[in-house]
Ligand code: GLN
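This is how it looks when you write it as C-alpha cells:
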C-alpha cells in the first residue's frame, strides 16, 4: 500500500477500498518499525494524525472529496511552523519550541485535508548538505544506511524513499530539496522564488529560501505544489500571479521542446559514470521528441563563492533574533545581559551555524562589505543574465544535481569546503530565483543518481511535464531500497 502513488491512494479512498484512518495507521506503523534504521523523523504525532484522518474520512463519506489530497498522509520538514507541534529547525536553540501558528504552505495542505504524520529531520537551520548538522543526529540514506541522505531536507527525502510517508515538504536555499532527492532517488521541486509563501518557515537566507514538495514522482509533486503555491499577503516577496493547474498538461507530448546542456556543468568535475547515466536520460528525452543543444552559463564557476557569501550574510542577520531573551534556548544562571546573549548563542547553536554567522557578520562588516557582499550581489545579477540568455534559446536547462552519489556519513564533516562543493550545480537556480526539479536518472554502485532541470521564471509546469513524461517510459522512480519492503500492507 505504501508504494502506491498519491493518485492511486486517492482513488482507493474515494472508492472506499480503504479509509484515511487505515492509510494513516499503516504509515504510522511503518514509521515505528523502520525509522529506527534511518532517523528521518524528529517528531511523530499519531493522535493528531488520526484525528485529521477521521475528519478526512467524514468528508470522503459525503462522496465529494474537495481535493485529490484529501486524507493523504504527508510529513513536513521541521523548519515549518506547525501550531501546537514542536518545530525545532533541528537546533538545540529551538529544541523545545512549539509555535502558536502554522506556516502558510502547511496550512494550505491542511485545508486540502492532508494528514500530517510528523516532522522530518534536517540540517540545523537548513545549513548543510548531508543532514549531519542536525541536533537530533544524522539521518541515514535508506539505500545504504552508512551513507548520508543529502541535506538539508535529508529526513524528508529519506522518509519518502523508505516508504514511510507518500510525500513531504522541503526547503531549498542552495539545493536542499534537490540534493537529498537525488541522493535518495525521489523527485523534488524547488519552485520559482516567491511561488510558495515563506511565512512561517524559519528563515535561513530570505532572498534564496523557497519551499517545495518531495514525492515518489513528478505527478505527485505537481499535485502538492498546486496546493502549496499561491500569493500570501503575509509574505511581502510572495508572487501575486495565479497558480497553474499543473497536472492538466502533464500528458501532452514533449515534441518541440528544447533542452540546453550547459558546457560548464558537464566538465571534468562531474564523475564520468554519472555523466554517462545523465546522457542516457538525455537520449530518452530526445526519443520523446525534445531537441538538445549546448548552451553556456559563463559565470557558473562563481555560484559557490558568491552563494557562500550571500547565504551566510543573510543568515547572520536572520539568526540575530535568537538571543536567549524572546524565545529559544537560554543559558543557565546568566551573570549579566551580555553573558546571557553570549552563552545562550554559544551553547544553543552548532558549529556549522556558528561558522555561517561568523562569515556572514564578516562580509557585512564595514571593512569587507564592498569587497565581498556588494561584489557578490553584482555577480548574482550576472548569473541571472546568463540564464536570460539561455532561456532565449531553449525551454529548459538539463544538468547534473550533484557531482557524485551520496557519500559516507562522517566523510566530509570536518571539511566544510568539500561539503559546500556538493552544491556546485544547485545554487545557480536559487541565485537566479528560477524553478528547478530533480528526479531519478539511474543508479551508480547501488546508489541513486538524479538529474536536474532548471526552468525559466514561473515555468515549473515545463519541469513537471518533462519529468512526468520521462517517468512514463522509465522506471527508476519505481525502484525502492530493499530493506524497507519486507512487509506488504
Ligand atoms: N547546502 C547548502 C547550504 O548548506 C544549501 C542548504 C539549503 O538549501 N538549505 O547552505
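Residue numbers (the numbering used here): 596 to 1084.
Note that CB positions come from ideal geometry on N, CA and C, so glycine has one too.
These numbers were taken from a predicted model, which means no experiment stands behind them.
Could you tell me whether the Cβ atoms of residue i and residue j are closer together than 8 Å?
{"i": "residue 576", "j": "residue 623", "result": "As shown, the chain starts at 596 and ends at 1084. That puts residue 576 outside it, with no answer to give."}
{"i": "residue 1068", "j": "residue 883", "result": "yes"}
{"i": "residue 737", "j": "residue 1079", "result": "yes"}
{"i": "residue 637", "j": "residue 714", "result": "yes"}
{"i": "residue 753", "j": "residue 635", "result": "yes"}
{"i": "residue 901", "j": "residue 992", "result": "no"}
{"i": "residue 550", "j": "residue 701", "result": "With the chain covering only 596 through 1084, there is no way to say anything about residue 550."}
{"i": "residue 866", "j": "residue 999", "result": "yes"}
{"i": "residue 670", "j": "residue 760", "result": "yes"}
{"i": "residue 756", "j": "residue 772", "result": "no"}
{"i": "residue 541", "j": "residue 958", "result": "Past the edges of the chain, shown from 596 to 1084, lies residue 541, and the structure says nothing about it."}
{"i": "residue 1032", "j": "residue 877", "result": "no"}
{"i": "residue 799", "j": "residue 722", "result": "yes"}
{"i": "residue 1029", "j": "residue 1051", "result": "yes"}
{"i": "residue 1020", "j": "residue 995", "result": "yes"}
{"i": "residue 664", "j": "residue 599", "result": "no"}
{"i": "residue 693", "j": "residue 1055", "result": "no"}
{"i": "residue 990", "j": "residue 793", "result": "no"}
{"i": "residue 979", "j": "residue 1024", "result": "no"}
{"i": "residue 1016", "j": "residue 842", "result": "no"}
{"i": "residue 743", "j": "residue 1001", "result": "yes"}
{"i": "residue 890", "j": "residue 855", "result": "yes"}
What are the start and end residues of the beta strand (DSSP E) that includes residue i?
{"i": "residue 636", "result": "636 to 639"}
{"i": "residue 576", "result": "Residue 576 cannot be examined here, being either before or after the span of the chain that is shown, 596 to 1084."}
{"i": "residue 994", "result": "991 to 995"}
{"i": "residue 1035", "result": "1031 to 1039"}
{"i": "residue 1046", "result": "1042 to 1050"}
{"i": "residue 772", "result": "First-last for residue 772: undefined, no H or E at that position."}
{"i": "residue 671", "result": "668 to 672"}
{"i": "residue 787", "result": "No beta strand (DSSP E) holds residue 787; DSSP gives it neither H nor E."}
{"i": "residue 658", "result": "Where residue 658 is concerned, there is no enclosing beta strand (DSSP E), given that its DSSP letter is neither H nor E."}
Across which residues does DSSP place residue i in a beta bridge pair?
{"i": "residue 1003", "result": "742"}
{"i": "residue 721", "result": "For residue 721, which the question treats as bridged, DSSP gives no partner whatsoever."}
{"i": "residue 888", "result": "855"}
{"i": "residue 596", "result": "Residue 596 is not bridged to any residue."}
{"i": "residue 894", "result": "The partner list for residue 894 (beta bridge, DSSP) is empty, contrary to what the question assumes."}
{"i": "residue 782", "result": "810"}
{"i": "residue 796", "result": "675"}
{"i": "residue 736", "result": "739"}
{"i": "residue 680", "result": "677"}
Consider the C-beta atom of residue i and the heavy atoms of ligand 1; say whether any pair is separated by less than 7 Å.
{"i": "residue 1010", "result": "no"}
{"i": "residue 753", "result": "no"}
{"i": "residue 824", "result": "no"}
{"i": "residue 976", "result": "no"}
{"i": "residue 796", "result": "no"}
{"i": "residue 767", "result": "yes"}
{"i": "residue 810", "result": "no"}
{"i": "residue 827", "result": "no"}
{"i": "residue 799", "result": "yes"}
{"i": "residue 906", "result": "yes"}
{"i": "residue 723", "result": "yes"}
{"i": "residue 771", "result": "yes"}
{"i": "residue 630", "result": "no"}
{"i": "residue 602", "result": "no"}
{"i": "residue 1018", "result": "yes"}
{"i": "residue 635", "result": "no"}
{"i": "residue 747", "result": "yes"}
Considering residue i, what are the terminal residues of the alpha helix (DSSP H) in which it resides?
{"i": "residue 809", "result": "Element bounds for residue 809: not the alpha helix (DSSP H) but the beta strand (DSSP E), 806 to 810."}
{"i": "residue 1068", "result": "1055 to 1068"}
{"i": "residue 985", "result": "970 to 985"}
{"i": "residue 750", "result": "749 to 756"}
{"i": "residue 1011", "result": "1011 to 1015"}
{"i": "residue 881", "result": "867 to 882"}
{"i": "residue 765", "result": "Here residue 765 belongs to no alpha helix (DSSP H); instead the beta strand (DSSP E) covers 762 to 766."}
{"i": "residue 925", "result": "Careful: residue 925 lies outside any alpha helix (DSSP H) and carries neither H nor E."}
{"i": "residue 604", "result": "601 to 610"}
{"i": "residue 621", "result": "615 to 633"}
{"i": "residue 1026", "result": "1022 to 1026"}
{"i": "residue 941", "result": "932 to 943"}
{"i": "residue 1019", "result": "Segment: none, residue 1019 is in no alpha helix (DSSP H) and carries neither H nor E."}
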